[in-house]
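> In the UniProt record's numbering, the protein residues as written are 1 to 276.
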Ligand SMILES: C[S@@+](CC[C@H](N)C(=O)[O-])C[C@H]1O[C@@H](n2cnc3c(N)ncnc32)[C@H](O)[C@@H]1O
Ligand SMILES: [Zn+2]
C-alpha cells in the first residue's frame, strides 16, 4: 500500500482525533486525500503520507542538518535511559500524542520497546516531520501542526508526550481524556554541563520555573531525576554540537576552538514529570 493510502485509511479510522485548526469544528469526512470540516476548510495529505495543518508557514529553528545530527545522535542511544524510564511509566496501549516530536526518533524507540496503540506525532517544523515520515512511517501518524492552534479534538488522548518541547497546559487538559496524563522531560541544571562550561563563562541554567509551573498545574505530579554520562567520539561530539540549541549563542571562534579539543564525556541530567 502507498504511504498516502495508508494515511488516508488512518484518517478514516481515526477521524474523531482531529478538529479543524481554523474554526475548531469537527472534520466530518475524509474527501479524496484530505480532511474537510463543516465550514469547508480542507487539509490534504502530502504524497509521503503526512498531514500539514499549519495555518501559516512553520517556524524553522531546526534546519535539516541539525535534525539529521539529532537523529544520528539519537540512533547511538544518547537518549535511551530517558526513554527507558518513560517506557516503564507509559501505558502500553491507548492513544498517545507526541507534542513537538521533532524527527521522530523517540516515538520510534518507544514503539520498539513495546508501545502500542494509536500514536500521533506532531511538530511545527515541516523538515522534522518529513524526516519522521521517511524513517519512522510505521511508528505513528505524523503531522505538521502548531501547539498554539492545535488540530486535535477534545478528550481523545490517554497520554501526551512532551520531550524537550514547549507546553500549553490548558490545551493539554482539553486534549486529554479523563484520567489521561502528561509526560514531560525537561533538562536539569547539569544537562550537557561540560559543553555549557566550554562555551560560557557564566551562564546559569535553570529550568526550575518550568518544573514549578508543571507542579502548580499538577500538584500530585511524580518527579523523577534521570542522570547518566555518555562517552563521546569525535563524530558524536560534532553531532552534539550540531543538534543542540546550546551552541546558538556561541561565537564562531568559540565553536572552532572547542571543535579542536572535543569532549570525551557528557552528562545527561533531566527531570521526568508525570501529571496525576
Ligand atoms: C528541542 S526540540 C525537541 C524535539 C524532540 N521532542 C526531541 O526531543 O528530539 C523542540 C521541538 O519543539 C518544536 N516546537 C516548537 N514550538 C512548537 C509549536 N508551537 N508547536 C509544535 N511544535 C513546536 C520544535 O520544532 C522542535 O522540534
Ligand atoms: Zn474549519
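By construction, the Cβ of each residue, glycine as well, lies at the ideal position given by its N, Cα and C atoms.
#1: Mark residue 255 as exposed unless 16 or more other C-beta atoms lie within 10 angstroms of its C-beta, in which case mark it buried.
#2: Leaving aside the five residues before and after residue 81 along the sequence, list all residues of the same chain whose C-beta is less than 8 Å from its C-beta, in chain order.
#3: Assign residue 103 to buried or exposed, taking buried as 16 or more other Cβ atoms, counted over all protein chains shown, within 10 Å of its Cβ.
#4: Would a C-beta distance cut-off of 8 Å place residue 96 and residue 184 closer than the cut-off?
#5: Spell out the partners DSSP gives residue 27 in its beta bridges.
#6: Quick check on residue 257: buried or exposed, where buried means 16 or more other Cβ atoms within 10 Å of its Cβ?
#7: Using the beta-carbon of each residue, find all residues closer than 6 Å to any heavy atom of ligand 2 and list them in chain order.
#8: From the DSSP output, which residues share a beta bridge with residue 199?
#9: Is residue 55 near ligand 1, with its Cβ less than 7 Å from a heavy atom?
#10: List the residues that DSSP assigns as beta-bridge partners of residue 123.
#11: Using 8 Å for Cβ pairs, my map puts residue 114 next to residue 140. What's the rounded Cβ distance?
#12: Exposed or buried, residue 150, counting other C-beta atoms within 10 Å across all chains shown (16 or more means buried)?
#13: Under 7 Å: does the beta carbon of residue 166 sit that close to some heavy atom of ligand 1?
#14: What does the alpha-carbon distance come out to for the pair residue 180 and residue 41?
#15: Give me the Cα-Cα distance between residue 194 and residue 17, rounded to the nearest whole angstrom.
Quick look at the numbers:
#1: exposed
#2: 226, 228, 268
#3: buried
#4: no
#5: 37
#6: exposed
#7: 20, 22, 23, 25, 37, 39, 41
#8: The partner list for residue 199 (beta bridge, DSSP) is empty, contrary to what the question assumes.
#9: no
#10: 144
#11: That belief does not hold up - the Cβ atoms of residue 114 and residue 140 are roughly 15 Å apart, past 8 Å.
#12: buried
#13: yes
#14: 30 Å
#15: 42 Å
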